[in-house]
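Residue numbers are given in my numbering: position 119 of the sequence shown equals residue 1420, and the series is strictly consecutive.
Just so it is clear, CB atoms sit at the ideal spot from N, CA and C, and this is done for glycine as well.
As the structure is a computational prediction, the values presented were derived from the model and not from experiment.
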Amino acid sequence: MFPKTVGRFLAPILLLALLVGCGPRDVKPEKASKPTQAPPTFKVKFETSKGEIVVEVIRDWAPRGADRFYELVADRFYDGSRFFRVVRNFVAQFGVSGDPATSRLWGQLRFPDDPVKGSNRKGTLSFAMSGPATRTTQVFINLADNTQLDSQGFAPFGRVVSGMDVAEKLDRSYGDFPPRGNAPDQKRAEREGNEYLARYFPRLDSIKKATIEP
């Protein structure tokens, strides 16, 4: 029998660990996988349907994660994407492209893990994964102190420095994945993009634009 504190978080941890954000395995990537090296620190502004969220990335925390995030933002990957899983006092997750072809391409570009140097405190960001070397594009904002994720290998690479109140107001009416909630089918979202999400999950909040701050 698990202690109460473990039992409380066990199901969300297992669900989070199952998230990969990669496309079908038989799709040949057309993009070079060599990462762009990010600056030591940089900020990203997310213009969302609820307001602005500004994130500061600190490369020393998780160099590989910071590099991939920088590359994704520079490539405008997150523009138009949805916060498809928002669980109160847990996480707000995003990172499935609205365009299925883009999801297929980036989903093949897995990158190596980072050692966990920091902790998944409220406001920090980490990449979702389903095991060693499975990170691709999906990211979550910690909406609470989720320090129990540290031992699972989730390495924070940045933190919200402005707009945490906006992150906490993101629509959570669909909640977690079934059976704990009614969040979108992740694989179908990857295959069908925003057409599927807009049709069946119209209340999801979106990222209008994500840009690297000067």
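Exercise. At a Cβ threshold of 7 Å, is G1432 touching chain D?
Worked result: Of the chains in the structure shown, none is chain D; there is only one protein chain.
Exercise. In whole angstroms, what is the alpha-carbon distance linking Q1449 and K1418?
Worked result: Against the sequence shown, residue 1449 aligns to sequence position 148. Against the sequence shown, residue 1418 aligns to sequence position 117. Distance between the alpha carbons of Q1449 and K1418: 14 Å.
Exercise. Within the present structure, is the beta-carbon of F1391 separated from the nearest heavy atom of the ligand SAM by less than 6 Å?
Worked result: This structure lacks the ligand SAM; in fact it carries no ligand of any kind.
For this session: Assuming L1471 and V1387 form a contact by the criterion Cβ under 8 Å, report the distance between their Cβ atoms to the nearest whole angstrom.
Result: Within the sequence shown, numbered from 1, the residue matching residue 1471 stands at position 170. Within the sequence shown, numbered from 1, the residue matching residue 1387 stands at position 86. Correct: roughly 5 Å between the Cβ atoms.
For this session: Can you give me the start and stop residues for the beta strand (DSSP E) that Q1487 sits inside?
Result: Position 186 of the sequence shown holds residue 1487. Premise fails: Q1487 lies in the alpha helix (DSSP H), 1487-1493, not in any beta strand (DSSP E).
Exercise. Where A1490 and G1352 are concerned, what is the direct C-alpha to C-alpha distance, given to the nearest angstrom?
Worked result: Taking the first residue of the sequence shown as 1, we reach residue 1490 at position 189. Taking the first residue of the sequence shown as 1, we reach residue 1352 at position 51. Their Cα atoms are separated by approximately 24 Å.
Problem set entry | Presumed contact (8 Å Cβ cut-off) between S1507 and G1396, rounded CB distance | Against the sequence shown, residue 1507 aligns to sequence position 206. Against the sequence shown, residue 1396 aligns to sequence position 95. The Cβ separation is near 13 Å, so there is no contact.
Exercise. Is the segment 1455-1474 touching the segment 1424-1431, taking contact as three or more C-beta pairs under 8 Å?
Worked result: yes
Problem set entry | Sequence-distant residues of its chain with Cβ nearer than 7 Å to R1473 (five each side left out) | Position 172 of the sequence shown holds residue 1473. Cβ neighbours of R1473 beyond the five flanking positions: V1387, V1388, R1389.
Exercise. Where do the ends of the beta strand (DSSP E) carrying A1511 lie?
Worked result: Along the sequence shown, one-based indexing puts residue 1511 at 210. Where A1511 is concerned, the enclosing beta strand (DSSP E) stretches over 1508-1513.
Problem set entry | Contacting residues, own chain, Cβ-Cβ under 6 Å from S1463 (five flanking each side not counted) | Within the sequence shown, numbered from 1, the residue matching residue 1463 stands at position 162. Correct list, in chain order: V1355.
For this session: Using DSSP bridges, identify the partner residues of N1443.
Result: Sequence index remark: in the sequence shown, residue 1443 carries index 142 (1-based). Under DSSP, the beta-bridge partners assigned to N1443 are V1392.
For this session: Inspect the beta-carbon positions of A1393 and F1384 and report whether they are closer than 7 Å.
Result: Sequence index remark: in the sequence shown, residue 1393 carries index 92 (1-based). Sequence index remark: in the sequence shown, residue 1384 carries index 83 (1-based). It is a contact, given that the beta carbons lie within the stated cut-off.
Problem set entry | Bridge partner(s) assigned by DSSP for K1418 | Mapped onto the sequence shown, residue 1418 falls at position 117. Per DSSP, none; premise fails for K1418.
For this session: Please go through the same chain and pick out, in chain order, the residues whose beta-carbon is closer than 6 Å to the beta-carbon of F1347, but skip the five residues on each side of it.
Result: Walking along the sequence shown from the start, residue 1347 turns up at place 46. Taken in chain order, the residues that qualify are I1354, I1508, A1511.
Exercise. Counting along the chain, where does the alpha helix (DSSP H) carrying T1403 start and finish?
Worked result: In the sequence shown, residue 1403 corresponds to position 102, counting from 1. First-last of the alpha helix (DSSP H) with T1403: 1401-1408.
Exercise. In chain order, what residues of the same chain lie with their CB nearer than 7 Å to the CB of F1412, ignoring the 5 residues before and after it?
Worked result: Position 111 of the sequence shown, counting from 1, holds the residue named residue 1412. Once the five neighbours on either side are set aside, the close Cβ partners of F1412 are P1336, R1365, R1369, R1436.
Problem set entry | For T1448, the three-state DSSP class (helix, strand or coil) | Here the question's residue 1448 lines up with position 147 in the sequence shown. Helix at T1448.
For this session: Determine the burial state of T1349: buried for a count of at least 16 other Cβ atoms within 10 Å of its Cβ, exposed for fewer.
Result: In the sequence shown, residue 1349 corresponds to position 48, counting from 1. With at least 16 other beta carbons inside 10 angstroms of its own, T1349 counts as buried.
Exercise. For G1399, which residues from the same chain have a beta carbon less than 6 Å from its beta carbon, with the 5 sequence-adjacent residues on both sides left out?
Worked result: Working through the sequence shown from its first residue, we reach residue 1399 at position 98. Excluding sequence neighbours, G1399 sits near G1381, S1382, G1494, N1495.
Exercise. Start and end of the alpha helix (DSSP H) containing L1373?
Worked result: Along the sequence shown, one-based indexing puts residue 1373 at 72. From DSSP, the alpha helix (DSSP H) with L1373 extends over 1364-1375.
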